[in-house]
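Taking it in order: structure first as structure tokens, then the write-up.
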Amino acid sequence: MTTVRVITPFVFTLGLFVMFHGADSSGGGFQGGVIVGTVVLMLGIAFGIETTREWIGPNIPILMICLGVLAFLLIGIGSVLLGGGFLEYSTYGFYHATKYGIEFVELAIGLIVSGIVTGLFFVIASGLQGNRSDVR
Amino acid sequence: MIGVLDVVLLAFILGCALATALLRDVLGSIIAFSAYSLGIAVIWVFLRAPDVGLTEAAVGAGVMTILFLVTIAKTSRPSGERTLERIDYRAAGIAIALVAVLSTTLVALPPFGSAESAVLTDEVTRYYLANAYEQTEVKNAVTAVLAGYRGFDTLGEAAVVYAAGVSLLVVLKKQVFA
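In order, the protein sequence lines correspond to chains S and X. Residues in the first sequence are numbered from 315 upward in steps of one, following our numbering. Residues in the second sequence are numbered from 229 upward in steps of one, following our numbering.
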């Protein structure tokens with residue numbers, strides 16, 4: 315438990331770093347999202363899955379997944395509305411629009427993936443620890 | 229060029245794969261599978277594909293292992309003292325035949341690290357490598373292709389992940405991940 319408490323912020327930061335820095339080095343939204351999701355898995359293993367689930371709340375993973383997909387879709391449709399092609403970041407026209415557009419998309423992917431990893435873990439682990447009422 | 233390290237790594241991966249298939253204890257099998265994924269991740273780095281290696285290490289060796297462990301916590305250990313599973317020779321024969329058939333394509337592959345491989349000489353690859361930085365201002369050409377040139381494909385992948393999550397909930401008749 316102590317180990318997890320100590321390394322959790324570092325792993326979380328590494329995940330965000332991989333997500334943000336995917337544009338300039340290896341990594342990206344998918345890998346970073348998985349690492350961020352791993353934080354929840356570690357907490358679940360160390361402090362008990364039920365405790366972690368109650369702490370995070372059942373709706374957060376769903377919200378993250380939906381928010382990620384929506385953000386990705388909207389940034390694609392937004393450039394069409396501004397008169398460019400789908401996902402043509404340069405139509406947004408602000409400073410380094412393409413670079414920051416790609417970073418934003420990576421972040422959206424990271425949201426989706428970390429939400430899915432967390433959610434899968436909670437779903438598969440449900441029914442453990444004698445709480446069999448969830449398993450039908 | 230294949231060095232000593234590659235041979236050792238390949239032998240390690242092959243051993244882990246065999247252990248995964250043959251170990252009777254599921255827990256041991258999962259641990260062997262995790263080691264196998266880690267070996268594959270190192271192979272990806274050797275093949276200059278750090279992005280793929282990172283994914284393999286995070287998903288294959290990390291998350292999958294945890295998900296498998298949580299899953300087998302609901303099962304019971306098979307009784308008996310044997311360490312290895314008994315081999316089904318008919319199934320093994322079919323598997324070996326399939327590997328033999330697939331191996332015939334090996335001769336068509338370019339040599340390891342060859343500069344004349346179809347991927348490197350292809351016009352699309354050259355275009356991406358020459359223009360990715362100027363057009364997308366992103367230093368990692370892989371990211372430039374994934375989120376820039378092929379952004380629509382990546383949106384499709386994101387939708388697949390989303391659909392997988394939703395269908396899991398539908399199958400389990402749940403409304404939240406709980």
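Glycine is no exception: its CB is placed at the ideal position from the N, C-alpha and C atoms. None of the values given here were measured: they were computed from a predicted structure.
By the 10 Å Cβ neighbour count, where 16 or more other Cβ atoms means buried, how is residue i classified, buried or exposed?
{"i": "Leu-246/X", "result": "exposed"}
{"i": "Val-373/X", "result": "buried"}
{"i": "Arg-450/S", "result": "No answer about Arg-450/S holds up, because its pLDDT of 39 lies below 50 and its placement is not dependable."}
{"i": "Thr-293/X", "result": "buried"}
{"i": "Tyr-264/X", "result": "buried"}
{"i": "Leu-434/S", "result": "buried"}
{"i": "Thr-283/X", "result": "buried"}
{"i": "Tyr-317/X", "result": "exposed"}
{"i": "Asp-350/X", "result": "exposed"}
{"i": "Met-333/S", "result": "buried"}
{"i": "Met-315/S", "result": "exposed"}
{"i": "Asp-279/X", "result": "buried"}
{"i": "Arg-446/S", "result": "Any reading at Arg-446/S must be qualified, since the residue scores a pLDDT of 45, below 50, and its modelled position is unreliable; the value itself is stated next. Burial call: exposed."}
{"i": "Ala-239/X", "result": "exposed"}
{"i": "Gly-379/X", "result": "buried"}
{"i": "Thr-317/S", "result": "exposed"}
{"i": "Ile-206/X", "result": "The displayed coordinates of chain X run from 229 to 406. Any statement about residue 206/X would go beyond what the structure contains."}
{"i": "Tyr-361/X", "result": "exposed"}
{"i": "Phe-324/S", "result": "exposed"}
Using the beta-carbon of each residue, which ones in chain S are nearer than 9 Å to residue i?
{"i": "Pro-278/X", "result": "Ser-339, Ser-340, Gly-341"}
{"i": "Phe-380/X", "result": "Gly-390, Phe-400, Leu-401"}
{"i": "Val-291/X", "result": "Val-348, Gly-351, Thr-352, Leu-355, Val-431, Leu-434, Phe-435"}
{"i": "Ala-269/X", "result": "In chain order: nothing, as chain S lies at least about 11 Å away."}
{"i": "Val-399/X", "result": "By Cβ distance, chain S contributes nothing, its closest Cβ being about 10 Å from Val-399/X, past 9 Å."}
Give the residues of chain X in contact with residue i, contact being defined as C-beta atoms less than 7 Å apart.
{"i": "Phe-386/S", "result": "Leu-383, Ala-386"}
{"i": "Ile-438/S", "result": "Leu-295, Val-298, Thr-299"}
{"i": "Ile-391/S", "result": "None at all; the shortest Cβ gap to chain X is about 11 Å."}
{"i": "Gly-336/S", "result": "Asn-368, Thr-371"}
Could you please give the first and the last residue of the uninterrupted alpha helix (DSSP H) stretch that includes residue i?
{"i": "Gly-407/S", "result": "From DSSP, Gly-407/S is part of no alpha helix (DSSP H); its letter is neither H nor E."}
{"i": "Glu-368/S", "result": "363–370"}
{"i": "Tyr-377/X", "result": "Neither: Tyr-377/X is in no alpha helix (DSSP H) and is coded neither H nor E."}
{"i": "Asn-373/S", "result": "373–395"}
{"i": "Gly-281/X", "result": "278–283"}
{"i": "Ile-230/X", "result": "That residue, Ile-230/X, is in no alpha helix (DSSP H); it is neither H nor E in DSSP."}
{"i": "Leu-266/X", "result": "254–274"}
{"i": "Phe-405/X", "result": "Phe-405/X -> no alpha helix (DSSP H), and no H or E assigned at all."}
{"i": "Gly-329/S", "result": "316–335"}
List, in order along the chain, the chain X residues whose C-beta lies closer than 9 Å to that of residue i?
{"i": "Pro-323/S", "result": "Within chain X, no residue comes near Pro-323/S; the closest Cβ sits about 18 Å away, beyond 9 Å."}
At a CB-CB cut-off below 8 Å, which residues of chain X make contact with residue i?
{"i": "Leu-421/S", "result": "None at all; the shortest Cβ gap to chain X is about 10 Å."}
{"i": "Thr-412/S", "result": "Gln-363, Thr-364, Glu-365, Val-366, Gly-376"}
{"i": "Arg-319/S", "result": "Going along chain X, no residue has its Cβ under 8 Å from Arg-319/S, so there is no contact; the nearest lies around 18 Å."}
Would a check of beta-carbon distances place residue i closer than 9 Å to chain C?
{"i": "Thr-371/X", "result": "The structure shown contains no chain C; the protein chains it does contain are S and X."}
Given that residue i touches chain S, what residues does it touch there, using C-beta distances under 7 Å?
{"i": "Gly-393/X", "result": "Ile-379, Ile-430, Gly-433"}
{"i": "Tyr-390/X", "result": "Ile-379, Val-383, Ile-426"}
{"i": "Ala-406/X", "result": "Arg-367, Pro-372, Phe-436, Ser-440"}
Identify the contact partners of residue i in chain S, using a Cβ-Cβ distance below 8 Å as the criterion.
{"i": "Thr-283/X", "result": "Phe-344, Gln-345, Val-348"}
{"i": "Ala-286/X", "result": "Gln-345, Val-348, Ile-349, Thr-352"}
Is the closest heavy atom of the ligand FAD to the C-beta of residue i under 8 Å?
{"i": "Gly-290/X", "result": "In the structure shown, the ligand FAD is absent, as is every other ligand, since no ligand is present at all."}
For this session: Could you pull out every unbroken beta strand (DSSP E) segment of at least 3 residues lying fully inside the segment 291–357 of chain X, listed in chain order?
Result: none
Exercise. Do three or more CB pairs link the segment 298–315 of chain X to the segment 370–383 of chain S at distances below 8 Å?
Worked result: no
Exercise. Any chance the segment 375–387 of chain X sits against the segment 420–427 of chain S, with 3 or more Cβ pairs inside 8 Å?
Worked result: yes
Problem set entry | contact_flag[the segment 352–366 of chain X, the segment 402–422 of chain S] where n(CB pairs < 8 Å) is 3 or more | yes
Problem set entry | Touching by the beta-carbon criterion (3+ pairs, under 8 Å), the segment 339–354 of chain X and the segment 347–366 of chain S | no
Exercise. Should the segment 230–248 of chain X be regarded as contacting the segment 392–411 of chain S, the criterion being three or more beta carbon pairs within less than 8 Å?
Worked result: no
Problem set entry | Stretch pair the segment 275–291 of chain X + the segment 320–331 of chain X: three plus CB contacts closer than 8 Å | no
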